[in-house]
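A.B. asks: For the sequence shown, this note's numbering gives the first residue as 828, with consecutive numbering after it.
In this text, a Cβ means the ideal position worked out from N, Cα and C, and glycines have one as well.
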Amino acid sequence: MPIDEYRNHDEIYRSILNLPALTYCKMNLKRRYDYSGNPTVRMLHVTSPLEEIVILQALDYDDIIGLLACAPHLKRLDFNFSKCRDNLPAIDSTIASLRLTHLTVDMGLTPFDHFERITTNLLSHLQVLHISVKQNKKYLDANRWEQLISSSMPHLRIFDLNYSYHIYGIYTEWNLADCNETLRKFSSLFWAQHKWYFEYQLAVKDYEGEMWFFSVNPYR
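#1: In terms of residues, what are the limits of the beta strand (DSSP E) holding R926?
#2: State the Cα-Cα distance for the pair V873 and Y995, rounded to the nearest angstrom.
#3: Compute the Euclidean distance between the alpha carbons of P981 and W1001, then round it to the nearest angstrom.
#4: Looking at the strands, I want to know which residues DSSP matches up with A1030.
#5: Suppose contacts are defined by Cβ-Cβ distances below 8 angstroms. Is T937 in contact with S979 by that definition?
#6: Is it buried or exposed, Y1046, if we count other Cβ atoms within 10 angstroms and call 16 or more buried?
#7: Please identify the residue among Y990, H941, D1005 whose C-alpha is closest to the C-alpha of L975.
#8: Looking at H957 and L927, is the spacing between their C-beta atoms short of 8 angstroms?
#9: Within the continuous beta strand (DSSP E) that includes Y990, where are the two ends?
#10: Need the endpoints of the beta strand (DSSP E) that D1005 sits in, please.
#11: Going by DSSP, which residues form a beta bridge with R944?
#12: Whose C-beta lies closer than 8 angstroms to the C-beta of S848 among residues of the same chain, with five residues either side of it excluded?
#13: May I ask you to report which of helix, strand or coil DSSP gives A969?
#14: Just to confirm, are L886 and F908 a CB contact at a threshold of 8 angstroms?
#15: What does the alpha-carbon distance come out to for the pair T1009 and W1018?
#16: Taking DSSP as the reference, what is the three-state secondary structure of D887?
#17: Considering Cα atoms alone, identify which of E878, I882, F906 is closest to P899.
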């Protein structure tokens, strides 16, 4: 459902979330150039029967909290996460998603702290996670992931991580030794027991290139 150049995104969200028989929705709300705000699902105070949502534009932290509050039956969610303010508000534990089992999210450049905040408080029943990230090296902290999964996503079966880093200039965070050390940490007993395996690719020429770190056969 692509919707172009529509100013009142709240009205669109409210209309969709109020449909009594809608269980699946894929939407793409495009901003007008003279529209200064973001699409939002905050404070709509509706309850939706939606079970699966794909949202192609970026949502921020508050939007996600609002969406989970409006769609308590949600099982699958696919969206792009936009960077938001650093002082994230407290989460009302009553909106914890008890049914969300599948999450596909492109975090872009968003800090790992923001993902942790949502996961720690709201996604304890998650079974499948597909996550894409750019540049932020903190997402390749194997120990941090192990602690987060063990404490907040105990039912996780599929962990599909795709990380990319654009290398430019002589001073880069990545070289061959860094990549091998990261891979070693993601090969510990915890990852082997879950049968989650990873590889990396590093392509650099004249101090510019790309580094990719990714899951291998995540559906195994």
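C.D. replies: Short version:
#1: Residue mapping note: residue 926 aligns to position 99 of the sequence shown, counting from 1. Where R926 is concerned, there is no enclosing beta strand (DSSP E), given that its DSSP letter is neither H nor E.
#2: Residue mapping note: residue 873 aligns to position 46 of the sequence shown, counting from 1. Residue mapping note: residue 995 aligns to position 168 of the sequence shown, counting from 1. Cα to Cα, the separation comes out at about 47 angstroms.
#3: Numbered from its first residue, the sequence shown carries residue 981 at position 154. Numbered from its first residue, the sequence shown carries residue 1001 at position 174. Whole-angstrom Cα-Cα distance: 31 angstroms.
#4: Reading the sequence shown from its first residue, position 203 is the one you call residue 1030. Partner(s): E1037.
#5: Taking the first residue of the sequence shown as 1, we reach residue 937 at position 110. Taking the first residue of the sequence shown as 1, we reach residue 979 at position 152. Cβ distance not < 8 angstroms, so T937 and S979 don't count as in contact.
#6: Here residue 1046 corresponds to residue number 219 of the sequence shown, with the count starting at 1. Classification of Y1046: exposed, given that the 10 Å Cβ count is below 16.
#7: To locate residue 975, count along the sequence shown from 1; it is residue 148. Nearest option by C-alpha distance: H941.
#8: Taking the first residue of the sequence shown as 1, we reach residue 927 at position 100. Taking the first residue of the sequence shown as 1, we reach residue 957 at position 130. The answer is no: Cβ separation not under 8 angstroms.
#9: The residue given as residue 990 occupies position 163 in the sequence shown. It spans 985-995 - the beta strand (DSSP E) in which Y990 sits, taken as one unbroken run.
#10: The sequence position of residue 1005 within the sequence shown is 178, counting from 1. Here D1005 belongs to no beta strand (DSSP E); instead the alpha helix (DSSP H) covers 1003-1012.
#11: Here residue 944 corresponds to residue number 117 of the sequence shown, with the count starting at 1. In the DSSP output, where bridge partners are listed per residue, R944 has none listed.
#12: Mapped onto the sequence shown, residue 848 falls at position 21. The sequence as given places Ala at residue 848; Ser does not occur at that position. Cβ neighbours of A848 beyond the five flanking positions: P876.
#13: On the sequence shown, residue 969 is found 142 positions in, with the first residue counted as 1. In this structure, A969 counts as helix in the three-state DSSP scheme.
#14: Walking along the sequence shown from the start, residue 886 turns up at place 59. Walking along the sequence shown from the start, residue 908 turns up at place 81. Yes.
#15: Counting from 1 along the sequence shown, the entry for residue 1009 is found at position 182. Counting from 1 along the sequence shown, the entry for residue 1018 is found at position 191. Cα-Cα distance, rounded: 13 angstroms.
#16: Residue numbering aside, residue 887 sits at position 60 when the sequence shown is read from its first letter. D887: coil per DSSP, three-state reduction.
#17: As a working mapping, residue 899 is identified with position 72 in the sequence shown. Among E878, I882, F906, the Cα nearest to that of P899 is on E878.
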